[in-house]
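Data block below; observations after.
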Amino acid sequence: MSVKIIGCLVTLLAVVYGKPPSKVVGGEQAERNEFPHQVSIRDRGEHICGGAIISPLHILTAAHCFVDEDEKVALPHPSDIEILVGANDKNSRLGQEYKILKYECHENYETKKSDRNDIALITLEKPLVFSGSIKPINLPKKDIPLNSVVTASGWGATDYPNTKLPKQLQKVELKIVDNKVCQDSHKIKIYPEQVCASGGEGKGVCVGDSGGPIIANNELVSIISWGRPCAKGVPDVGTRVFNYLSWIENAMSSKSPQKKYNLSKSNSSTEQKTSLPSGHGKPPSKIVGGYIASAREFPYQVSIRYNGKHICGGSIISPLHILTAAHCIVTGTIRSPVNTLRIFVGATDKYGFGEEYQVATYNYHSGYSSKTNQNDIAVITLARPLIFSNSVRPIGAPRNDTPAGTTAIASGWGAYDYESINEYYSPSKLLKINMKIVSNEECARSHVYQIFTEQICAFTAKGRGMCIGDSGGPLVVGDQLVGIVSWGKPCGRAPDIFTRVYSYLPWINRILASQRAPNNYLLYKQK
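Read in order, the letters of the sequence shown are residues -18 to -1, 1 to 509 in mature numbering (1 follows the signal peptide of the UniProt record, and there is no 0).
Structure (structure tokens):
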């Protein structure tokens, strides 16, 4: 099984991550030290994007350089990224390479259709030493007016569809055009936070220029985002830096919220996040590299359905209550209407002879954050009590916290291959996989984002783990529910992250008590 990650278009301009790339076409070779703010962003030694130095520790670039728009590529770990500075020749030994500490994408970056808020800030491990070839570029004091002449630079391809990248830094002059003209040319909405520039037929940016600078009067006015490949006379689209000055300031001081990529749902119209449901909007979770479960092997496992379609797993904890992930029922500020949800119980085949139950209400943790996936837990209350049998039974609560090294088992109907993001390709049979609990410290080394104490991580091996549609499902040790599938890298690429049930027993019991659970289940405890 695997867990879907919903993760930081049109024609984005990166080389490796699959968006319409941007390069300089119809330009000329830059002079040495002409663009001392220009950097090459590299993933394991390969140029993927440009960027601009804005302080001794910070590089400004595009979010899409780190986030794949269709979520088919794992996000790069900071340890894989290097920044080349001080060189016009991207293969030259005269430049210097710097390791990065972290990168942060805008929390509202939209990977689909618009590439709105396509901005990211990289923090270096150590400060740059400024010189004639390494200098910051100023941020804009005011918005750039129409018809202003600007200069784009980058190592993007100089011809299309031949996308071989040049060794030498290229530059091209462009002119700022009206967003309405730009929108009419692309037949797609151009937002006020975006800015368009054109050099006419045969001049523009292309593959490999993404994230790079567009400047005017020694100010960074735009970050190269996307366009139509390449230099076809249609304006290129960038992120308007002036609109993001506050965000940049907060990000530099680590006060801005980070874009989180989780394991969530995969196939609904509202699904656009990074958690593990199969249809609502966070990176979904599924089981990859697992095995088909036996009949009645997991009688506590349920399928949560949204308008008839499986989106998440869940666990029976009383005749009236299902424990699942908050991101399965709420996306940002949007809550799933109760009448759209159904709970399917008593079957290992999700199209089999189980029984569907209506939902009376649900409660998700008041501290749940869709940005960090902290407190990713919810209790669903059924409209009528379950009738227990060999195929429908509750799972007990953990007696103690679960130590690293413990063997656990996860189950779910999540996709068994990361390409399987459509319902048609998701398995009909319940899958299972053995996993081992890993320490949060070890888990954090594999992920860009913070791992909280109230989360627990588990891993088997690369190519095996949770994926799209597993979100909200159970992680079990013996007869104890220790984790709820929350988020991870798609799919089976690193330890998966679960909500640590032991940390939430008081919260769960308050919900059960307030919902007047049957006496034997007034407290969620080990059976």
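Beta carbons: idealized from backbone N, C-alpha and C, even for Gly. As the structure is a prediction and not an experimental result, all values here were calculated from the model.
query: Euclidean distance between Cα positions of residue 103 and residue 434; result: 23 Å
query: 6 Å CB neighbourhood of residue 346 in its chain, flanking five on each side removed; result: 308, 312, 360
query: Three-state class that DSSP yields for residue 416 in the structure shown; result: strand
query: Residue environment, residue 340, which counts as buried when at least 16 other CB atoms sit within 10 Å; result: exposed
query: Where residue 507 falls: helix, strand or coil (DSSP); result: coil
query: Inter-residue Cα distance where the pair is residue 379 and residue 48; result: 39 Å
query: CA-to-CA distance, residue 66 to residue 82, given in whole angstroms; result: 11 Å
query: Euclidean distance between Cα positions of residue 403 and residue 441; result: Annotation note: pLDDT 43 at residue 403 (below 50); position unreliable, coordinate value reported separately. So the two alpha carbons sit approximately 22 Å from each other.
query: With 16 other Cβ atoms within 10 Å as the buried cut-off, status of residue 494; result: buried
query: Spatial neighbours of residue 115 in its chain, beta-carbon cut-off 7 Å, leaving aside the 5 residues before and after; result: 15, 18, 68
query: Under 7 Å between C-beta atoms of residue 458 and residue 415; result: no
query: DSSP state of residue 229 mapped onto helix, strand, coil; result: helix
query: Beta-carbon spacing of residue 376, residue 288 below 7 Å; result: no
query: For residue 127, the nearest candidate out of 173, 203, 228, 63 (CA to CA); result: 203
query: Coarse secondary structure for residue 208, derived from DSSP in three states; result: strand
query: Proximity winner among 124, 121, 122, 155, relative to residue 136 (alpha-carbon distances); result: 155
query: For residue 488, three-class secondary structure by DSSP; result: helix
query: Residue 103 in three-state terms, based on DSSP; result: strand
query: 8 Å contact criterion, which residue 419 and residue 438 should meet: CB distance rounded; result: 7 Å
query: Contact under 7 Å by Cβ, residue 29 with residue 37; result: no
query: Integer Cβ distance of residue 138 from residue 187, believed to fall under 8 Å; result: 6 Å
query: Inter-residue Cα distance where the pair is residue 208 and residue 219; result: 5 Å
query: Inter-residue spacing [alpha-carbon to alpha-carbon] between residue 305 and residue 88; result: 31 Å
query: Straight-line gap, residue 185 to residue 221 (C-alpha atoms, nearest Å); result: 19 Å
query: Whether residue 336 touches residue 327 by CB criterion (7 Å); result: yes
query: Cβ separation of residue 39 and residue 147, assumed to be a contact under 8 Å, to the nearest whole Å; result: Their Cβ separation, rounded to whole angstroms, is 27 Å, which puts residue 39 and residue 147 out of contact at 8 Å.
query: For residue 460, the nearest candidate out of 429, 395, 382, 487 (CA to CA); result: 382
query: Buried or exposed (CB count within 10 angstroms, at least 16 for buried), residue 74; result: exposed
query: Proximal residues to residue 497 (C-beta, below 6 Å), its chain only, five neighbours per side dropped; result: 363
query: Top-ranked residue by Cα proximity to residue 285, from 453, 423, 429, 25; result: 453
query: Reduced DSSP category for residue 321 - H, G, I as helix; E, B as strand; rest coil; result: helix
query: 8 Å CB neighbourhood of residue 466 in its chain, flanking five on each side removed; result: 297, 305, 306, 307, 358, 359, 454, 455, 456, 457, 480, 481, 483
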